[in-house]
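*Asks:* Quick note on the UniProt record's numbering: the sequence shown kicks off at 1 and runs consecutively.
All C-beta atoms in this analysis are idealised placements derived from N, C-alpha and C, irrespective of residue type, glycine included.
As the structure is a prediction and not an experimental result, all values here were calculated from the model.
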Amino acid sequence: MNNFSRLRYFIYLSFIIIGGCTTGKKALQKGDYDASVAKAVSRLQNSPKNSEAMNVLPTAYNLALQNHLRNIEEAKASNDLFRWEAIMYEYQKINQLADDINSCPACLPLVPTPVKYIKELNDSRYNAAVARYNSGLEYLKDNNRISAKKAYYEFEKVQNLQPNFRDVKAKMDAAYWAAVVRVVVQPILINSNLYKLSGDYFQQQINQFITNYSRNKFVIFYSEEQATKQKIIPDQILSLNFDDFVVGQTYLKERVEKIKRDSVVIGETRDKKPIYGTVRATLSIFDKNISSSGLLDMTITDWRDQKIIRQQKIPGTYIWRDSWASYKGDDRALSKQEFAMTRKRESIPPPPTALFLEFTKPIYNQLVNDISVFYNNY
Numbered sequence: 001m002n003n004f005s006r007l008r009y010f011i012y013l014s015f016i017i018i019g020g021c022t023t024g025k026k027a028l029q030k031g032d033y034d035a036s037v038a039k040a041v042s043r044l045q046n047s048p049k050n051s052e053a054m055n056v057l058p059t060a061y062n063l064a065l066q067n068h069l070r071n072i073e074e075a076k077a078s079n080d081l082f083r084w085e086a087i088m089y090e091y092q093k094i095n096q097l098a099d100d101i102n103s104c105p106a107c108l109p110l111v112p113t114p115v116k117y118i119k120e121l122n123d124s125r126y127n128a129a130v131a132r133y134n135s136g137l138e139y140l141k142d143n144n145r146i147s148a149k150k151a152y153y154e155f156e157k158v159q160n161l162q163p164n165f166r167d168v169k170a171k172m173d174a175a176y177w178a179a180v181v182r183v184v185v186q187p188i189l190i191n192s193n194l195y196k197l198s199g200d201y202f203q204q205q206i207n208q209f210i211t212n213y214s215r216n217k218f219v220i221f222y223s224e225e226q227a228t229k230q231k232i233i234p235d236q237i238l239s240l241n242f243d244d245f246v247v248g249q250t251y252l253k254e255r256v257e258k259i260k261r262d263s264v265v266i267g268e269t270r271d272k273k274p275i276y277g278t279v280r281a282t283l284s285i286f287d288k289n290i291s292s293s294g295l296l297d298m299t300i301t302d303w304r305d306q307k308i309i310r311q312q313k314i315p316g317t318y319i320w321r322d323s324w325a326s327y328k329g330d331d332r333a334l335s336k337q338e339f340a341m342t343r344k345r346e347s348i349p350p351p352p353t354a355l356f357l358e359f360t361k362p363i364y365n366q367l368v369n370d371i372s373v374f375y376n377n378y
């Protein structure tokens, strides 16, 4: 390690040591009493005789305690329906201060009896759960999907606050199924035996997507077969149909180029000296494009009133390309790349079923993105 590297290491280490030696005095001066207590406790755990930390801790603790108790009284006096959550949070902070001090032997002589509010914390948690539970019941009374979704989240908060509170699990389950949108995805119909297998594969990809969809738990997709077996009454129907598709449109283009190259050795003199001249060739380049494309109609319909909620036309195109060449004349006029093209022969294009699958790939990507965007926050 060179001198410069040693210096950088020493400076870095010094900053770590200085940062670790804070006593909480600056936090106390800024009015961040909880942080001041935490830093003073940490300092006294590492250095029990640190005089500055010993001076800071009692003051910081008393100020932090009074601040939390003041916040509790203000919250109790408010009309906020969910004030008990704020009260619970304040009691949690007070109890955390006590736990921190009790874990530090050097701190206990300075703050001998840090107060803990166990019963008050439990009471506030219970009251917070009651408030959320009642809020959820009010939302359920509205008897609509949006309110049911809000009710679900209220009951979920109850479950987090007070596990097994009354019948919250049953209420949560009821709210969930009242909020869920059941979407039946109809199979794609392709009126061509030639493309049936390709269409089935495209359908399998869509089925896999809807089976694995999990971005919004309030949306459940069913295939038509699943909906029939499970006797599902849908909320929406998602139908997918090709308005049109064309497979294998062929375009062949020929380009003819006159090529010459100077300073090419074309012979030699009697005394074996090279003779330079110009060579010429006619190059014919063939470009073959086979285009396949289709337009998929995605329609989402409300099952009850048969109103179209969303309709999207999704295009997809795939072009298979091939190039080769031939020439007449002197091949020395050609570049390496041009000569290589003349060695290549026309390729056999993919079968129509493969071309069908290729143009459905961009359609599939757009389709799943559109479905995700539409339903993710539904």
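Can you have a look at residue 29 and say buried or exposed, based on whether 16 or more other CB atoms are within 10 angstroms of its CB?
*Replies:* On the sequence shown, position 29 is the one that residue 29 refers to. Classification of residue 29: exposed, given that the 10 Å Cβ count is below 16.
*Asks:* In the DSSP assignment, the alpha helix (DSSP H) including residue 317 goes from what residue to what residue?
*Replies:* Start at 1 with the first residue of the sequence shown, and residue 317 comes out as number 317. Premise fails: residue 317 lies in the beta strand (DSSP E), 308-329, not in any alpha helix (DSSP H).
*Asks:* Quick one: any contact between the region 296-315 and the region 356-368, if contact means 3 or more CB pairs under 8 angstroms?
*Replies:* Enough Cβ pairs lie closer than 8 angstroms, so yes.
*Asks:* Between the region 111-130 and the region 94-101, do at least 3 Cβ pairs fall closer than 8 angstroms?
*Replies:* Result yes; three or more Cβ-Cβ pairs closer than 8 angstroms.
*Asks:* Indicate the three-state DSSP secondary structure (helix, strand or coil) for residue 340 in the structure shown.
*Replies:* As a first step, residue 340 must be located in the sequence shown, where it is residue number 340. In this structure, residue 340 counts as helix in the three-state DSSP scheme.
*Asks:* Buried or exposed: where does residue 39 fall if 16 or more other Cβ atoms within 10 Å of its Cβ makes it buried?
*Replies:* Here residue 39 corresponds to residue number 39 of the sequence shown, with the count starting at 1. Per the 10 Å Cβ criterion, buried.
*Asks:* Report back the beta-carbon spacing between residue 388 and residue 175 to the nearest angstrom; my notes put them in contact at under 8 angstroms.
*Replies:* Here the chain comprises residues numbered 1 to 378, so residue 388 is not present and cannot be evaluated.
*Asks:* Closer than 7 angstroms by C-beta to residue 203: which residues in its own chain qualify, once you throw out the five before and the five after it? Chain order, please.
*Replies:* Looking up residue 203 in the sequence shown gives position 203. Correct list, in chain order: 187 and 188.
*Asks:* Just the C-alpha distance for residue 387 and residue 371, rounded to the nearest angstrom, thanks.
*Replies:* The shown model of the chain, from 1 to 378, leaves out residue 387, and the question about it has no answer.
*Asks:* Within 8 angstroms, do at least three Cβ pairs link the region 127-135 to the region 73-91?
*Replies:* Result yes; three or more Cβ-Cβ pairs closer than 8 angstroms.
*Asks:* From the DSSP secondary-structure annotation, give me the bridge partner or partners of residue 121.
*Replies:* Within the sequence shown, residue 121 is the residue found at index 121, counting from 1. Note: residue 121 sits in no beta bridge, so no partner.
*Asks:* So for residue 235, helix, strand or coil by DSSP?
*Replies:* Within the sequence shown, residue 235 is the residue found at index 235, counting from 1. Three-state result, residue 235: coil.
*Asks:* Could you tell me which of 69, 133 and 227 sits nearest to residue 120, measuring between CA atoms?
*Replies:* Numbered from 1 along the sequence shown, position 120 holds the residue referred to as residue 120. Of the candidates 69, 133 and 227, the one whose C-alpha sits nearest the C-alpha of residue 120 is 69.
*Asks:* With burial defined as no fewer than 16 other Cβ atoms inside 10 Å of the residue's Cβ, what is the status of residue 219: buried or exposed?
*Replies:* Counted from its first residue, the sequence shown places residue 219 at position 219. Buried, because 16 or more other Cβ atoms sit within 10 Å of the Cβ of residue 219.
*Asks:* Under a three-way DSSP split, which group does residue 82 fall into?
*Replies:* Here residue 82 is taken as the residue at index 82 of the sequence shown, counted from 1. Residue 82 falls in the coil class under three-state DSSP.
*Asks:* How would you write the range of the beta strand (DSSP E) that residue 198 sits in, first residue to last?
*Replies:* Here residue 198 corresponds to residue number 198 of the sequence shown, with the count starting at 1. Careful: residue 198 lies outside any beta strand (DSSP E), inside the alpha helix (DSSP H) at 196-212.
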